[in-house]
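Report on one structure; see the data block that follows.
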Amino acid sequence: MSNRCQIIGVLDNGLTGLSSPALNALKNADVVIAATRVLKLFSSSINSAEVKDLTGQLGKVPIWINHALAEKKKVVVLATGDPLCHGIASFLSKKLGAEKLDIIPNISSIQLAFASIGMAWQDAKICSVHNKDAGEWQTGSGAEHGFYVLLQTINQHDKLAILTSPENNPARIARMLIMENMSDLFTMVVVENLLCADEKIFQGLSIAELAKQNFNGNDVVILSRLEAKKPELLFGYADDAFKQRKPDKGLITKREVRAVSLARMQLTAASIVWDIGAGSGSVGIEAAKLCPKGHIYAVEKNVTDFAIASENARDFALHNYTLIENKAPLGMENWPSPNAVFIGGSGGELAELITLCLEKLQANGWLVMNFVTLENLSTALEALKQSGADWDITQIQASRSQPILHMNRMRAENPVWIVCAQKAGHYLRYHEGHEGHEGHEDNEEETVYYQLSKAIKIRSKKFPDYP
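First residue of the sequence shown? That's 371 in our numbering, and the numbers climb one at a time after it.
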């Protein structure tokens, strides 16, 4: 085992909780690295070794280890519980390589916490907020908040074990659950000071009561859903599943068009999505269901539609959906770069929005737009032609069955153009090659299409300017 750093899992019962190999390694160590609390716990056993406190200096630990190993010193890192479960071992393995490490694990604090209340934990999702101070949770916070991933994870699972810190403590988690109207969905148990003389179990208290407690920072939280989460439809909801403006319904992307539009957005579980001109919110809401680890940022300028979309978002109990009332692009300045953008309404700023979205999209991201008027289609094609982006159009004209007497007929919906553009290599190369130029030669195919669309729209019927 020469020239390898030994990482030893320890518990709060000190030497009592160590195996013989761990005791021997600690006894023979030349250098011992650990956090302040752990060093204090083992102070009587490491008098002869050089001691390094990693608290606030995690980034220096690989340097310390390499330096000590180069001098043929025996290095021991003490870490609580199982060092490979949200512990320092994963970090050091990435920095130093697994071949430089010997790991002597211990019972994890999660195992001990579940054992203390007699609850099986093979189906538990393990989370950790044992990191920098996240601050108090605010409703509508996005991925920038340290509790965002935790909230999405809680929303998806029935049983969770959460490792906490002095700042990101159980009371703060309880307050987040209250703010997100989830406090009635779970029971919450807090196990504090495991294996210590002052070990304490907070059990049988409401989440509201736990939100007011003081915790010492050495806690494990166990959340159990009162009723198992039922499987939910991800997308393809009926149109009437969403509240709509009355009496003039229609400010909703119909199910058939919605399904194709979402498919063209090429979403992943962690996608960041912009929904511009949210209307009733149907596209953004279904995108939120498809992207449980991502976030949807939506904007709607109409006061009535904003209120309806907000109500729909509440009805679907979304925690990864942010809706603002404004006329795009106002209010979008601080949104993170999206993986996909949907434009359902532009408020007369279509060309500007297309340019902005293509600039802000992440590489290989998709811009998907719905149009029912030739005028908006023409504007979009011209803007895309000027941008140099790759684009395509799909026309959808769905017909739905409708009873007539004792028979059925097909009633046609309005045709909708789904225009899709990708921020791919062609777009990037085009803008690199045309930076500073006044214009470029027209692509013959695009010019013909543009002129054709202009000719058609002269004879077209005027439709409301909303898909």
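C-beta atoms are modelled at their ideal positions from N, C-alpha and C, and glycine is treated no differently.
Return helix, strand or coil for residue i, following the three-state DSSP convention.
i      : result
Pro699 : coil
Gln772 : strand
Phe461 : helix
Leu754 : helix
Leu471 : strand
Ser374 : Looking at the sequence itself, residue 374 is Arg, so the reference to Ser does not match. Correct three-state label for Arg374: coil.
Tyr691 : strand
Val447 : strand
Thr623 : coil
Trp705 : coil
Thr749 : helix
Thr523 : helix
Thr557 : strand
Leu385 : helix
Val630 : helix
Val742 : coil
Glu816 : Low per-residue confidence applies at Glu816: pLDDT is 43, beneath 50, and the placement is therefore not dependable, though the value from the model is reported in the following sentence. In the structure shown, Glu816 sits in a helix (DSSP, three-state: H, G or I).
Cys476 : The residue you asked about is not Cys; residue 476 is Asn in the sequence shown. Correct three-state label for Asn476: coil.
Leu466 : helix
List the whole-angstrom C-beta distance separating residue i from residue j, where the pair is believed to meet the contact cut-off of C-beta under 8 Å.
i      : j      : result
Glu656 : Tyr607 : 7 Å
Gln732 : Ala759 : That belief does not hold up - the Cβ atoms of Gln732 and Ala759 are roughly 14 Å apart, past 8 Å.
Pro453 : Pro475 : 6 Å
Ser757 : Gly647 : With 8 Å as the limit, Ser757 and Gly647 do not qualify as a contact, their Cβ atoms being about 19 Å apart.
Lys495 : Thr534 : Going by Cβ atoms, the distance from Lys495 to Thr534 rounds to 15 Å, so no, they are not a contact pair.
Asp528 : Lys600 : With 8 Å as the limit, Asp528 and Lys600 do not qualify as a contact, their Cβ atoms being about 10 Å apart.
Ile577 : Leu547 : 6 Å
Ser769 : Glu783 : 7 Å
Ala710 : Gln636 : 7 Å
Ala404 : Leu424 : 7 Å
Cys375 : Leu471 : 5 Å
Can you name the residues that DSSP bridges to residue i?
i      : result
Lys570 : Glu562
Asp452 : DSSP output for Asp452 lists no bridge partner at all.
Trp736 : Ala710 and Gln792
Gln427 : Gln427 pairs with nothing; no bridge assigned.
Tyr667 : Trp644 and Thr692
Ser418 : Partner(s): none; Ser418 has no beta bridge.
Val380 : Thr450
Ile496 : Ala531
Val408 : Val408 is not bridged to any residue.
Trp787 : Phe741 and Gln765
CB residue i to CB residue j, shorter than 8 Å?
i      : j      : result
Asn394 : Leu439 : no
Pro699 : Leu720 : no
Gly379 : Phe412 : no
His665 : Thr692 : yes
Ser641 : Leu621 : no
Ala544 : Leu580 : yes
Ser674 : Arg615 : Sequence inspection shows Thr at residue 674; the Ser mentioned does not correspond to that position. Yes; because the gap between Cβ atoms is below 8 Å, this pair is in contact.
Phe484 : Ile592 : yes
Leu575 : Phe605 : no
Glu550 : His689 : yes
Asn740 : Gly714 : yes
Ile763 : Trp787 : yes
Thr450 : Ser479 : yes
Val402 : Val421 : yes
Lys613 : Glu681 : yes
Leu396 : Gly387 : no
Glu569 : Asp589 : no
Val742 : Arg634 : no
Ala513 : Pro662 : no
Lys502 : Gly516 : yes
Asn539 : Gly587 : yes
The beta strand (DSSP E) with residue i in it runs from where to where?
i      : result
Val530 : According to the sequence as given, residue 530 is Leu; it is not Val. It spans Lys529 to Leu533 - the beta strand (DSSP E) in which Leu530 sits, taken as one unbroken run.
Met780 : Met777 to Ala782
Arg595 : Asp589 to Arg595
Ile763 : Asp760 to Ile766
By the DSSP assignment, the alpha helix (DSSP H) with residue i in it spans what residues?
i      : result
Gln636 : Looking at the DSSP string, Gln636 is not in any alpha helix (DSSP H), and its letter there is neither H nor E.
Ala345 : The question about residue 345 has no answer, for the chain in this structure spans 371 to 837.
Val401 : That residue, Val401, is in no alpha helix (DSSP H); its beta strand (DSSP E) goes Val401 to Ala404.
Thr725 : Leu720 to Lys730
Phe676 : Val673 to Asp685
Glu506 : Unbroken run through Glu506: none, as it is neither H nor E.
Ile655 : Ser652 to Leu660
Gln583 : Where Gln583 is concerned, there is no enclosing alpha helix (DSSP H), given that its DSSP letter is neither H nor E.
Lys397 : Ser390 to Lys397
Ile543 : Pro540 to Met549
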